[in-house]
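Peer 1:
Numbering (this note's numbering), first residue to last: 21 to 177.
Take a look at the structure:
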């Protein structure tokens with residue numbers, strides 16, 4: 021059952037990407053706008069290079085998020101209601117306003133996003149960020165746990 025859901029999610033993701041590419045190609049022939057994700061390293065050299073760029077085509081940079089925290093947003097492009105999760109909180113069931121409604125995030129810690137019905141997980145690593153996560157897994161995330169998904173006992177949830 022989980023494999024079927026994973027395949028369906030991947031197919032929907034590919035369809036969404038295909039639509040995005042066709043819109044980008046019709047609106048602008050510059051292939052630099054065809055980034056799949058706004059995903060970059062957080063090292064200082066790449067930040068300096070990106071901050072020196074004054075192009076209006078530059079990808080959206082994520083907002084700051086606390087150390088060992090993951091910031092969740094209810095709207096794309098890091099907007100809407102913000103929820104900041106700290107790994108020191110342990111396993112947390114998301115509040116109603118964020119549950120099944122994560123559309124962008126910034127991760128400054130390794131965490132596991134968990135869905136219960138059906139049970140599935142997605143590993144998120146420190147340094148990851150996405151400005152439009154809802155189409156991937158964000159519409160089913162109910163709980164966050166610190167660390168790696170593979171380290172969680174299957175019967176814990």
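From the three backbone atoms N, C-alpha and C, an ideal C-beta is built for every residue, glycine too. Values in this document were obtained by computation on a predicted structure and should not be read as measured data.
1. Look up residue 136 in the DSSP assignment and give the residues it is bridged to.
2. In or out: residue 158 buried (at least 16 other Cβ within 10 Å) or exposed?
3. Which runs of the beta strand (DSSP E), 3 residues or longer, sit entirely within the stretch 87-125?
4. Do residue 107 and residue 126 count as a contact pair if the criterion is CB distance below 8 Å?
5. Output the distance between the C-alpha atoms of residue 117 and residue 161, rounded to the nearest integer angstrom.
6. Terminal residues of the continuous beta strand (DSSP E) containing residue 164?
Peer 2: Let me spell this out:
1. As a position in the chain shown, residue 136 is number 116, starting the count at 1. DSSP lists 139 as partners of residue 136.
2. Locating residue 158 in the chain shown gives position 138, counting from the first residue. Buried: at least 16 other Cβ atoms inside 10 Å.
3. Listed in chain order, the complete beta strand (DSSP E) runs (minimum 3 residues) inside the stretch 87-125 are 89-95, 99-106.
4. For the purposes of this step, residue 126 is taken as the residue at position 106 of the chain shown. For the purposes of this step, residue 107 is taken as the residue at position 87 of the chain shown. No, the Cβ-Cβ distance between residue 126 and residue 107 is not below 8 Å.
5. Along the chain shown, read from residue 1 onward, the residue named residue 117 stands at position 97. Along the chain shown, read from residue 1 onward, the residue named residue 161 stands at position 141. Residue 161 has its alpha-carbon roughly 12 Å from the corresponding atom of residue 117.
6. As a working note, residue 164 is residue 144 in the chain shown. Run containing residue 164: 163-166, per the beta strand (DSSP E) assignment.
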